[in-house]
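S.K.: Below you'll find the structure I mean.
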């Protein structure tokens, strides 16, 4: 399908009557380094938040290794790429997961936003706006690193949760991500969770090292420590079974820590009190 056909098809779709849009919190779960347990954390946080009666949408924005569906044992037929191609609506792409959570498989399609013309981006925004999304919190599972799309998602959301471990490379890469967002894009607020450590003492050491580097080289940047997830063999077992940890091993130490983190995130103030899901989409598409 060529670009003209795509535009005509999307423009011809019947749009629902525009309604007022409730404010939606948007949170990117991100990391400088891969393999820190970011996606697993996103899925389990979403399930714990859903258990607390919150309506959650996960955007799987790890364009190279999209695997939210793998952790949940789901098999998506379509992704965001189909929306951008004009062959599917957002409603047709969104998956329903356990506990009532919803998942938007972004796949490599989101990276194609940067190749669209202004008119095509407007059409995509109309398609995204037309989706009647019943969610209170959007969790964005970004890729690791500092690619353009990782930065775009981190800039489009209200809050950024950086996931790090005790490995020196994880700390170095987490700092690199924060540095780019601060120096190039003037982001000033970050949250930190330390994953896969022995105890709170080790987690606090990781936080202090990262916080000292941020304070010394980047100045007045807010880096809030939200806690840690302990090393737990139940995590590996759940991943191998393709079942979320909080459902398969709800009494494990890691599941309990995730439960506390979910509650903390839901009760903490947001980095930006304004905005809604349409604002989020517009920021993302405009920056791409």
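In our numbering, the protein residues as written are 7 to 294. Backbone N, C-alpha and C fix where the C-beta goes; we use that ideal spot for every residue, glycine too.
Quick one: give me the first and last residue of the beta strand (DSSP E) that residue 53 is part of.
M.R.: Numbered from 1 along the chain shown, position 47 holds the residue referred to as residue 53. Here residue 53 belongs to no beta strand (DSSP E); instead the alpha helix (DSSP H) covers 44-57.
S.K.: Tell me the DSSP secondary structure of residue 27 in three-state form.
M.R.: Locating residue 27 in the chain shown gives position 21, where the first residue counts as 1. For residue 27, the predicted structure reports a pLDDT of 48, less than 50, and the residue's modelled location is therefore unreliable. A value from the coordinates is still provided. Correct three-state label for residue 27: coil.
S.K.: Quick check on residue 198: does DSSP put it in helix, strand or coil?
M.R.: Within the chain shown, residue 198 is the residue found at index 192, counting from 1. The answer is strand: DSSP assigns residue 198 an E or B state.
S.K.: Can you find a heavy atom of the ligand COA that lies under 8 Å from the Cβ of residue 267?
M.R.: As for the ligand COA, it is missing from this structure, which has no ligand bound.
S.K.: Would DSSP call residue 276 helix, strand or coil?
M.R.: For the purposes of this step, residue 276 is taken as the residue at position 270 of the chain shown. Here residue 276 sits in coil by DSSP.
S.K.: Among residues of its own chain, excluding the 5 on either side of residue 292, which ones have a beta-carbon nearer than 8 Å to its beta-carbon?
M.R.: Sequence index remark: in the chain shown, residue 292 carries index 286 (1-based). The residues are 127.
S.K.: Note down the Cα distance separating residue 259 from residue 236, rounded to an integer number of angstroms.
M.R.: As a position in the chain shown, residue 259 is number 253, starting the count at 1. As a position in the chain shown, residue 236 is number 230, starting the count at 1. Rounded to the nearest angstrom, the two C-alpha atoms are 7 Å apart.
S.K.: Please confirm if the region 31-40 is in contact with the region 147-158, defined as three or more CB-CB distances below 8 Å between the two stretches.
M.R.: Output reads yes: the region 147-158 touches the region 31-40.
S.K.: Considering only the beta carbon of each residue, do residue 209 and residue 179 sit closer than 9 Å?
M.R.: On the chain shown, residue 209 is found 203 positions in, with the first residue counted as 1. On the chain shown, residue 179 is found 173 positions in, with the first residue counted as 1. Not a contact, by the Cβ cut-off of 9 Å.
S.K.: What does the alpha-carbon distance come out to for the pair residue 27 and residue 134?
M.R.: If you number the chain shown from 1, residue 27 lands on position 21. If you number the chain shown from 1, residue 134 lands on position 128. Any answer about residue 27 is weak, because its pLDDT of 48 lies below 50 and its placement is not dependable; what the coordinates show is given next. Their Cα atoms are separated by approximately 13 Å.
S.K.: If I'm right that residue 198 touches residue 229 with Cβ under 8 Å, what's the distance once you round it to whole angstroms?
M.R.: Position 192 of the chain shown holds residue 198. Position 223 of the chain shown holds residue 229. With a Cβ gap of about 6 Å, residue 198 and residue 229 count as contacting.
S.K.: By Cβ distance, which residues of its chain are closer than 7 Å to residue 182, with the 5 residues on each side in sequence left out?
M.R.: One-based indexing of the chain shown puts residue 182 at position 176. Around residue 182: 38, 152.
S.K.: Are the CB atoms of residue 52 and residue 145 nearer to each other than 9 Å?
M.R.: Locating residue 52 in the chain shown gives position 46, counting from the first residue. Locating residue 145 in the chain shown gives position 139, counting from the first residue. For residue 52 and residue 145, yes; Cβs fall inside 9 Å.
S.K.: Reducing DSSP to helix, strand and coil, say where residue 179 ends up.
M.R.: Position 173 of the chain shown holds residue 179. Residue 179: helix per DSSP, three-state reduction.
S.K.: Would a C-beta distance cut-off of 9 Å place residue 250 and residue 77 closer than the cut-off?
M.R.: As a first step, residue 250 must be located in the chain shown, where it is residue number 244. As a first step, residue 77 must be located in the chain shown, where it is residue number 71. It is a contact, given that the beta carbons lie within the stated cut-off.
S.K.: Does the Cβ of residue 244 have 16 or more other Cβ atoms within 10 Å, making it buried, or fewer, making it exposed?
M.R.: Locating residue 244 in the chain shown gives position 238, where the first residue counts as 1. Looking at its Cβ environment, which holds 16 or more other Cβ atoms inside 10 Å, residue 244 is buried.
S.K.: In chain order, which continuous runs of the beta strand (DSSP E) of length 3 or greater are located wholly inside the region 71-148?
M.R.: Whole beta strand (DSSP E) segments, 3+ residues: 108-111.
S.K.: Out of 212, 239, 83, 139, point me to the one whose CA is closest to residue 284's CA.
M.R.: Looking up residue 284 in the chain shown gives position 278. Nearest of 212, 239, 83, 139 to residue 284, Cα basis: 139.
S.K.: Please state whether DSSP places residue 242 in a helix, a strand or coil.
M.R.: Here residue 242 is taken as the residue at index 236 of the chain shown, counted from 1. Note: residue 242 maps to helix in three-state DSSP.
S.K.: If you count every other CB in all the chains shown that lies within 10 Å of the CB of residue 167, and 16 or more means buried, which is it?
M.R.: As a first step, residue 167 must be located in the chain shown, where it is residue number 161. Classification of residue 167: buried, given that the 10 Å Cβ count is 16 or more.
S.K.: Here's a check: name, in chain order, each residue in its chain whose Cβ is nearer than 6 Å to the Cβ of residue 162, leaving out the five neighbours to either side.
M.R.: The sequence position of residue 162 within the chain shown is 156, counting from 1. Excluding positions up to five away in sequence, the list reads 286, 289, 290.
S.K.: Put residue 166 into one of helix, strand or coil per three-state DSSP.
M.R.: Taking the chain shown and counting its residues from 1, one reaches residue 166 at position 160. Reduced to three states, the DSSP call for residue 166 is strand.
S.K.: Have a look at 119, 218, 80 and flag the residue whose alpha-carbon is nearest the alpha-carbon of residue 248.
M.R.: Walking along the chain shown from the start, residue 248 turns up at place 242. The option with the nearest alpha carbon to residue 248 is 80.
S.K.: Which residue from 68, 58, 63, 255 puts its Cα closest to that of residue 141?
M.R.: Sequence index remark: in the chain shown, residue 141 carries index 135 (1-based). Cα-wise, what sits closest to residue 141 is 63.
S.K.: Using the DSSP secondary-structure output, state which residues sit across from residue 33 in a beta bridge.
M.R.: For the purposes of this step, residue 33 is taken as residue 27 along the chain shown, with counting starting at 1. Residue 33 is bridged to 145, 165.
S.K.: Select from 206, 61, 60, 66 the residue whose C-alpha is nearest the C-alpha of residue 46.
M.R.: Within the chain shown, numbered from 1, the residue matching residue 46 stands at position 40. Here the closest residue by C-alpha is 66.
S.K.: Identify whether residue 230 lies in helix, strand or coil by the three-state DSSP scheme.
M.R.: Sequence index remark: in the chain shown, residue 230 carries index 224 (1-based). Looking at residue 230 - three-state DSSP - the assignment turns out to be strand.
S.K.: Please report the straight-line C-alpha distance between residue 195 and residue 227, rounded to a whole angstrom.
M.R.: Position 189 of the chain shown, counted from the start, is the residue given in the question as residue 195. Position 221 of the chain shown, counted from the start, is the residue given in the question as residue 227. Whole-angstrom Cα-Cα distance: 6 Å.
S.K.: Rounded to whole angstroms, what is the Cα-Cα separation between residue 279 and residue 29?
M.R.: Residue mapping note: residue 279 aligns to position 273 of the chain shown, counting from 1. Residue mapping note: residue 29 aligns to position 23 of the chain shown, counting from 1. Only weak support is given to the placement of residue 279: the predicted model assigns it a pLDDT of 46, under 50, and the question is left unresolved by the model.
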